[in-house]
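Working notes, structure below.
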Amino acid sequence: MSITLDQVTKRYQGSPVVNDVSLEVGEGEFFVLLGPSGSGKSTLLRAIAGLTGVDHGRVALHGNDVTHVSARHRGVGFVFQNYALFRHMTVGENIEFALRVRRMRTEDRRQRRKELLRLVALEGMDDRLPTQLSGGQQQRVAVARALAHKPEVLLLDEPFGALDAKIREELRRTIRQVQRELKITTVLVTHDQEEAFALADRIGVMNLGRLLESGRPDELYDRPATRFVATFLGAANLLLAKQTEQGIRFGATPVNARRIEKLEGGREHEVVAVLRPEEIELAPTRDNLRTNYIATGVVEELVFTGALERIRVRMTSGPSDAHIGSNSHVDGHNTAAILDVTRTQHEQRVFPVVFGQSVAIGVRRIHVLPTPLSSYTVCAAETAAAERLSQHPFLIELAGRMKTRIAKRIDPALATCQGNAQTRISGVAVIAAQVKVAKQVEWLLWNGAAEVMVLPSQAVSPQRVLIHWADDAARRSTLAVAASLLRHVPAEAVYVGILPESRGGEGQRPLGVRTLLDARSEAQAVHGLEMRTELRFGAAAEELQRQLNEQVDQMLILGISDLSQLSREFAPLFAAPAAYSMMIVYRPARESDEQAASA
Ligand code: ADP
Ligand code: MG
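Numbering follows this note's numbering, with no gaps: position 391 of the sequence shown is 397.
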């Protein structure tokens, strides 16, 4: 590996702006770090270069740990967004600067300068001053200068930033050519998806300081694992659907598309489906569709863009409550049931549409995200309480980031926790923290909720999230929920493994450490989640509580596989009015047996 990052974390004012990033960039690879402004891209790049120190984790270049090596000795070339050329030096002097510092002989310097200017297509410009060059030319000089001392790694931070479209494209081509010719390992930072597609062997997408996913551009586009990547890398409609044994259902409409990917496991549950605008088919009637019907709709907006036609269709039948948003309209409440559609010229000729026209909507391909967190349902015994809880700032922030909806559910039985719920509860149930909360959690889980989130009224977005599961049966689903949640909050994730003191305490340490490592690698490999690990000895509830009381703004994700574990092992966590929020994840240990029994 050319570049290896292991759980690199950088904090400013206590908040992680780069959060546990692990990454490997291969020899000669062109890797693009893509993310919105403020997601931590530049900070991460600077950490690789040694221009900024890290608070946690390690940086290795070509197998050597350089975490504590200065920038000058790391052998990297760096190109900044703003052309950081020396104003008073000519192009030639700028390029030779690093070589003079390294005491290279004059003739060798001249030779190298010539090579470099040819490489970036600026031959003969040696004597110009930066002010006599265009922006694009200045950036070419910056690239040449960064390459002068033959670094083994080239780092570029939004090098096309201030340039206009045509120049960007030219410079992009030059950089790609230079990279291919020198076979130099390159990391380029950008917020521009098109640029990432044009340059990258692999793309890593960052948001809120985390590296969410990395992979080949086509893989990330076809099979994103997260809502963020689905909507940031190209346009996407996100819809809530039900996954059943027969396939995907939108409301009452089953969709049996051949290309629907199978999702593992379990009973019927709510999932998040990704519909790319170009995978949607429009036809005059349902019978004319060549693909799977999902709804009817009305054309609300129509924009001709040359090669493509962009249409917005409001769904008038079908899964009206299923729509949860897309990259162009984030607020699912106001724009419910609008689908973005793009059509080629050919499709336009086959079926021309006009504003206001009724259409049947079909879909060629649906991609189901592997996230277990689809939507939130606020649960309360009476309307006012549900209303209040649905306005909770942290919940609104979370649902907004997840582009999902917050439903309300009034169930008087929640007051007493006697009897059964009126209907089965789906999605994450959310309740307010209060004295009787333990009983409510148990009642909701008993009535079909797979996760319950407990929110104290003053809870804010956490800075640290503790993860713990009562036994191994709950491990997998707890990690899946933690990974999903942590993509949407800029918090540090810590898995707390707890061994009982009675079993020999310290003597158990090797076993404990192995459990931690296993948990960490499973989180990484299966769920793309990086987390720290801590080993404790004692009673689980007390240990967790101690840590939760250490600092404010924390959250606990607790996995159980048996309802009695709540009162038996974790009662202390619910006893006093707590300041921390909790997410209880419940997967019955023998879920498959239960399912068989109820079928
Ligand atoms: P990006 O390059 O993705 O736009 P940055 O890495 O520049 O993001 O910044 C990530 C976050 O860290 C931002 O919220 C930014 O305000 C913050 N940040 C960056 N540098 C500093 C600094 N020196 N001091 C405090 N906060 C910083
Ligand atoms: Mg930046």
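Where is the CB? At the ideal position from N, CA and C, for every residue including glycine.
Ends of the beta strand (DSSP E) at residue i?
i       : result
His-275 : 275-281
Gln-87  : That residue, Gln-87, is in no beta strand (DSSP E); it is neither H nor E in DSSP.
Pro-165 : First-last for Pro-165: undefined, no H or E at that position.
Thr-311 : Careful: Thr-311 lies outside any beta strand (DSSP E) and carries neither H nor E.
Tyr-18  : 9-18
His-62  : 62-67
Gly-368 : 364-369
Leu-562 : 560-566
Gln-249 : 243-250
Val-261 : 259-261
Lys-414 : 412-416
Glu-457 : 457-461
Glu-498 : 498-505
Ala-489 : No beta strand (DSSP E) holds Ala-489; the alpha helix (DSSP H) holding it covers 481-492.
Ile-372 : Segment: none, Ile-372 is in no beta strand (DSSP E) and carries neither H nor E.
Leu-451 : Looking at the DSSP string, Leu-451 is not in any beta strand (DSSP E); the run it does join, the alpha helix (DSSP H), is 443-452.
His-474 : 470-475
Taking DSSP's pairing of strands, which residues face residue i in a bridge?
i       : result
Thr-348 : Arg-316
Ser-76  : Paired residues: none, contrary to the question.
Gly-32  : DSSP lists no partner for Gly-32.
Ala-692 : Only positions 7 to 605 of the chain appear in the structure, and residue 692 is not among them; the question remains open.
Ala-386 : Ile-416
Thr-539 : Tyr-501
Met-588 : Val-460 and Leu-562
Asp-71  : Ala-66
Ile-286 : Val-369
Over the uninterrupted alpha helix (DSSP H) stretch that includes residue i, give me the two end residues.
i       : result
Val-149 : 141-153
Thr-422 : 419-422
Asn-100 : 97-107
Phe-580 : 577-581
Phe-238 : 233-238
Asp-228 : 223-228
Asp-114 : 112-125
Arg-407 : 399-407
Phe-203 : 199-205
His-533 : 515-533
Arg-186 : 171-188
Val-436 : That residue, Val-436, is in no alpha helix (DSSP H); its beta strand (DSSP E) goes 434-438.
Ile-54  : 47-55
Glu-548 : 546-554
Does the distance from the CB of residue i to the CB of residue j come in under 9 Å?
i       : j       : result
Leu-239 : Leu-40  : yes
Ser-490 : Leu-379 : yes
Met-321 : Tyr-382 : no
Ile-504 : Leu-541 : yes
Thr-49  : Val-65  : no
Arg-115 : Leu-125 : no
Arg-411 : Ala-405 : yes
Asp-198 : Val-85  : no
Pro-136 : Arg-109 : no
Glu-536 : Asp-26  : yes
Tyr-592 : Ala-439 : no
Asn-213 : Ser-45  : yes
His-474 : Val-502 : yes
Ser-220 : Gln-530 : no
Leu-188 : Ile-209 : no
Phe-310 : Val-193 : no
Val-369 : Pro-290 : no
Ile-190 : Leu-246 : no
So residue i and residue j are in contact, right, with Cβ under 8 Å, and what is the actual spacing, rounded?
i       : j       : result
Glu-575 : Ala-476 : 6 Å
Asn-243 : Leu-288 : The pair is not a contact, with the Cβ atoms about 14 Å apart (cut-off 8 Å).
Val-211 : Leu-218 : 5 Å
Ala-488 : Ala-499 : 7 Å
Leu-450 : Ile-431 : 6 Å
Gln-13  : His-62  : 6 Å
Met-627 : Glu-457 : One cannot answer for residue 627 here, as it falls past the ends of the chain, which runs 7 to 605.
Val-374 : Ala-279 : 5 Å
Pro-594 : Ser-573 : About 16 Å; that fails the 8 Å criterion.
Arg-78  : Ile-101 : Not a contact, Cβ separation roughly 18 Å.
Lys-47  : Val-195 : 4 Å
Arg-222 : Glu-285 : That pair is no contact at about 19 Å.
Tyr-299 : Thr-259 : 7 Å
Val-149 : Ser-8   : So it is not a contact: roughly 19 Å between Cβ atoms.
Glu-201 : Phe-166 : 7 Å
Ile-344 : Arg-316 : Wrong, their Cβ atoms sit about 12 Å apart, outside the cutoff.
Phe-400 : Val-471 : Contact doesn't hold; Cβ gap of about 13 Å is too wide.
_Under 6 Å, CB to any heavy atom of the ligand ADP. Which residues pass, going along the chain?_
Tyr-18, Val-23, Gly-41, Ser-43, Gly-44, Ser-45, Gly-46, Lys-47, Ser-48 and Thr-49
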